[in-house]
Amino acid sequence: MGKIILTGDRPTGKLHLGHYVGSLRRRVELQNQGDYDRMFVFMADVQALTDNADNPEKIRQNIIEVALDYLSAGLDPQKCTLYIQSQIPELAELTTFLMNLVSVSRVQRNPTVKTEIKMRNFEANIPMGFFAYPVSQAADIAAFKATTVPAGEDQEPMLELTRELVRRFNQVYAPVLVEPNIMLPENATARRLPGTDGKEKMSKSLGNCIYLSDDADTVWKKVKTMYTDPTHLNISDPGHVEGNAVFTYLDAFSTDEDFAEFWPEFKSLDELKAAYTAGGIGDMKCKKLLNSVLNKMLEPIRARRHEYEQDIPEIYNILKKGSLDAREVAAKTMDEVRAAMQINYFEDEALIQSQAERFKQK
């Protein structure tokens, strides 16, 4: 199939700026560049249910929210395939087969799994589906023979496990599956955008997000309370930009053109950083700059979202068509997988004939 991109998100809430800089913005760029043969973007509702099994309505409601975020951010269903994970049963089948090729201890060593288990307080009672979701993720990628997965650096351990499982399958059975590579954000700062509270990661569950769908007033309320430098008590005090969420966000989003438009006293972020570090620049002025930068970026996204919201049935039609297209691709891969594993009993004419001959000889 050539060069294939695959990426997706858990539909547990609206998408936020961490999603946008981590992979969504890059997805739109890659889609428009047209350098890849196909691009698959999916809503991982099966994985979302691994820790929301008792609240399926949460997932059901957020499917449309994530779809709206995808479309409003610029993903085009004419250029990429948008689909829902649960609508591709072949993925569950491949997950089952891949589970036989990995040990429990190998999955436990995955640092991302360890972090997620601790964050959800699952240490004493881990749902089996949640524990095994890295294998499910590997199946998501392998079923489409994806060569490239745009993601944040926190997903690198998952991609390494996927490569191991693909290699193992190909060695044991036949060279059917493809090893994927991760595509990290080009802006190193954007690889792990912190929350507005300065915590390591922006997360829906921590309530420290700025959402793509937030209106201008909401963005400003969140920016005003952002974590800065706790030692920068007076404007005249020297400030620190390391660990300062406002400057991390400016690193991720601002351009020299933004400075020309919103704060012409400085030609670039580097100049502002130097002035802030020397002392004499207030945090609120920096926050006002960031607010202007974010709302300039988000306004067209919000406008497109409003347009799409006027025809929700069409959004579901897009997802249905994308799911049917995606299933067709996954089904072809699974035909190859079953043949490699020699469990395609009814399609294997040679097997049927050889067995017939064997019993005739008795």
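With the working numbering applied, the sequence shown corresponds to residues 7 to 368, in that order.
Here a beta-carbon is modelled for each residue, glycine too, at the ideal position from N, C-alpha and C.
query: Since residue 6 is in the alpha helix (DSSP H), which residue starts that stretch and which ends it?
result: In this structure the chain extends from 7 to 368, so residue 6 is not present and cannot be described.
- prompt: Are there 16 or more other CB atoms within 10 angstroms of the CB of residue 38, so buried, or fewer, so exposed?
  reply: Under this definition residue 38 is an exposed residue.
field: residue 259, DSSP secondary structure in three states
entry: Helix at residue 259.
- prompt: When burial is assigned at 16 or more other CB atoms within 10 Å of the CB, is residue 19 buried or exposed?
  reply: Residue 19 comes out buried.
Element boundaries [beta strand (DSSP E), containing residue 133]: It is not in any beta strand (DSSP E) - residue 133 carries neither H nor E in the DSSP assignment.
Selected residue, minimal CA-CA separation from residue 294, among 260, 26, 164, 170: Of the listed residues, the one whose Cα sits closest to residue 294 is 260.
- prompt: Which term fits residue 365, buried or exposed, when burial requires 16 or more other beta carbons within 10 angstroms of its beta carbon?
  reply: Residue 365 is classed as exposed because its beta carbon has fewer than 16 other beta carbons within 10 Å across all chains shown.
Minimum length 3: unbroken beta strand (DSSP E) runs contained in the region 57-124: The qualifying runs are 87-90.
- request: Return the bridge partner residues of residue 22 from the DSSP annotation.
  value: DSSP output for residue 22 lists 217 as bridge partner(s).
- prompt: residue 208 by DSSP, collapsed to three states: which one?
  reply: In the three-state reduction of the DSSP assignment, residue 208 falls in the coil class, being assigned neither a helical nor a strand state.
- prompt: Which class does residue 126 belong to by DSSP, given the choice of helix, strand or coil?
  reply: Looking at residue 126 - three-state DSSP - the assignment turns out to be coil, as it is neither helix nor strand.
task: Determine the DSSP secondary structure at residue 48, reduced to helix, strand or coil.
output: Residue 48 falls in the strand class under three-state DSSP.
task: Pick out whichever of 12, 69, 281, 146 has its Cα sitting closest to the Cα of residue 154.
output: Minimum Cα-Cα distance from residue 154 among the listed residues 12, 69, 281, 146 corresponds to 12.
- prompt: Hey, out of 23, 262, 141, 158, whose CA is closest to residue 171's CA?
  reply: When only C-alpha atoms are compared, the closest one is 141.
field: alpha helix (DSSP H) segment containing residue 324, residue limits
entry: For residue 324, the uninterrupted alpha helix (DSSP H) segment begins and ends at 318-347.
field: residue 155: first and last residue of the uninterrupted beta strand (DSSP E) it sits in
entry: Start and end: 154-156.
query: Is residue 12 helix, strand or coil by DSSP?
result: Assigned with DSSP and collapsed to three states, residue 12 falls in strand.
Continuous alpha helix (DSSP H) stretch holding residue 176: start and end: According to the DSSP assignment, residue 176 belongs to the alpha helix (DSSP H) that extends over 162-178.
- prompt: Whose CA, out of 149, 220, 198, lies closest to the CA of residue 185?
  reply: Comparing Cα-Cα distances from residue 185 to each of 149, 220, 198, the minimum goes to 149.
- request: Could you tell me the distance, in whole angstroms, from the CA atom of residue 30 to the CA atom of residue 354?
  value: Note on geometry: alpha-carbon atoms of residue 30 and residue 354 lie some 43 Å from one another.
task: Compare the C-alpha of residue 221 against each of 358, 367, 316, 301 and name the closest.
output: It is 301.
message: On a Cα-Cα basis, can you pick out the residue from 277, 336, 21, 290 that is closest to residue 251?
response: Across the set 277, 336, 21, 290, the C-alpha of 290 shows the shortest separation from the C-alpha of residue 251.
query: Which residue or residues does DSSP assign as beta-bridge partners of residue 187?
result: DSSP, once it has assigned bridges, lists 154 as partnering residue 187.
message: My output table needs one value for residue 367: the three-state DSSP class, helix, strand or coil.
response: The DSSP-derived three-state label of residue 367 is coil.
field: Nearest-angstrom Cα separation, counted from residue 119 out to residue 288
entry: Spanning the two alpha carbons is a distance of roughly 40 Å.
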